[in-house]
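S.K.: I have a structure here, written as structure tokens, and I will follow up with some questions on it.
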Amino acid sequence: MRMDDEAMIFNLFKRRQEDPAVAVLHEAVVSQSRQPCFYLDYGVADSVDGRYDMLILHTFLVFRRLSDGGEERRLAAQELCDRIFLDLDRSLREMGVGDLSVPKRMKKLAQKFYGRVEAYDKALLEPDDIALAEALDRNVYRGDGTATPNAMRLASYLRTALKELEHQDIFPQVPRFPGPETIRKVS
Numbered sequence: 001m002r003m004d005d006e007a008m009i010f011n012l013f014k015r016r017q018e019d020p021a022v023a024v025l026h027e028a029v030v031s032q033s034r035q036p037c038f039y040l041d042y043g044v045a046d047s048v049d050g051r052y053d054m055l056i057l058h059t060f061l062v063f064r065r066l067s068d069g070g071e072e073r074r075l076a077a078q079e080l081c082d083r084i085f086l087d088l089d090r091s092l093r094e095m096g097v098g099d100l101s102v103p104k105r106m107k108k109l110a111q112k113f114y115g116r117v118e119a120y121d122k123a124l125l126e127p128d129d130i131a132l133a134e135a136l137d138r139n140v141y142r143g144d145g146t147a148t149p150n151a152m153r154l155a156s157y158l159r160t161a162l163k164e165l166e167h168q169d170i171f172p173q174v175p176r177f178p179g180p181e182t183i184r185k186v187s
């Protein structure tokens, strides 16, 4: 093996220099997804699945905002997703999921993420919140796709958050999400 080949192989195992601005985005996404209001007032299950759904929902918000920027922002969006999934991998291992099962679980989590991104993007094309609430009911509340009051409120939160993030330079700044408690309940 030549020296260049050896250096190239060992570089594959080195961690990349992580962008501190992406670390800030990651922290903001995790922090917002853990707001107690989602679990106490919005009816999101305070479970592994419920927390995953809120993490994915907020990752989606930032991912969408960054994806409509330049190349640097698209790379930051990808790095954010990479960080989120590395954390999920670590969490599964800490919860005792066996090493052989982790890749299968991670594949399912990634499929769920991209499926949700597609569903939310499609629903956001509609002028009202009905389709979005139906997608949220299926994905977050594990319902039958009915636009329930909790799903309607979460849809309103999602649209409000997108509008607020639209007017922010969230990279390299800290995104300011709306307070979930400020979104009125739907009867």
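For the record, in the sequence shown the residue sitting at position 44 is 44 according to UniProt numbering, with numbers rising by one throughout. C-beta: ideal position from N, C-alpha, C; glycine also. This structure is a prediction, so every number in the text was calculated from the model and none was measured.
On the three-pair Cβ rule with 8 Å, is the segment 119 to 131 touching the segment 154 to 172?
M.R.: Cβ pair count under 8 Å is three or more, so yes.
S.K.: Can you list, in chain order, the residues of its chain whose CB lies under 6 Å from that of Phe177, leaving out five sequence neighbours each side?
M.R.: Numbered from 1 along the sequence shown, position 177 holds the residue referred to as residue 177. Gln32 and Ala161.
S.K.: Which residue marks the beginning of the alpha helix (DSSP H) containing Ser91, and which one marks its end?
M.R.: Walking along the sequence shown from the start, residue 91 turns up at place 91. Element bounds for Ser91: Glu71 to Glu94.
S.K.: Pick out whichever of Val117, Ser187, Ala21 and Arg90 has its Cα sitting closest to the Cα of Arg105.
M.R.: Here the question's residue 105 lines up with position 105 in the sequence shown. Selected option, being the one with the closest Cα: Arg90.
S.K.: Kindly indicate the opening and closing residues of the alpha helix (DSSP H) around Gln32.
M.R.: The count along the sequence shown starts at 1 and reaches residue 32 at position 32. Start and end: Pro20 to Ser33.
S.K.: Might you give, ordered along the chain, the residues of its own chain that have their beta carbon closer than 6 Å to the beta carbon of Val22, omitting 5 neighbours on each side?
M.R.: If you number the sequence shown from 1, residue 22 lands on position 22. Result list for Val22: Ala76, Glu79 and Leu80, in chain order.
S.K.: What are the boundary residues of the alpha helix (DSSP H) that includes Ile170?
M.R.: What you label residue 170 is simply residue 170 of the sequence shown in a count that begins at 1. Here Ile170 belongs to no alpha helix (DSSP H), and DSSP marks it neither H nor E.
S.K.: Which first and last residues belong to the alpha helix (DSSP H) in which Ile56 is found?
M.R.: On the sequence shown, position 56 is the one that residue 56 refers to. That run of the alpha helix (DSSP H) goes Val48 to Ser67.
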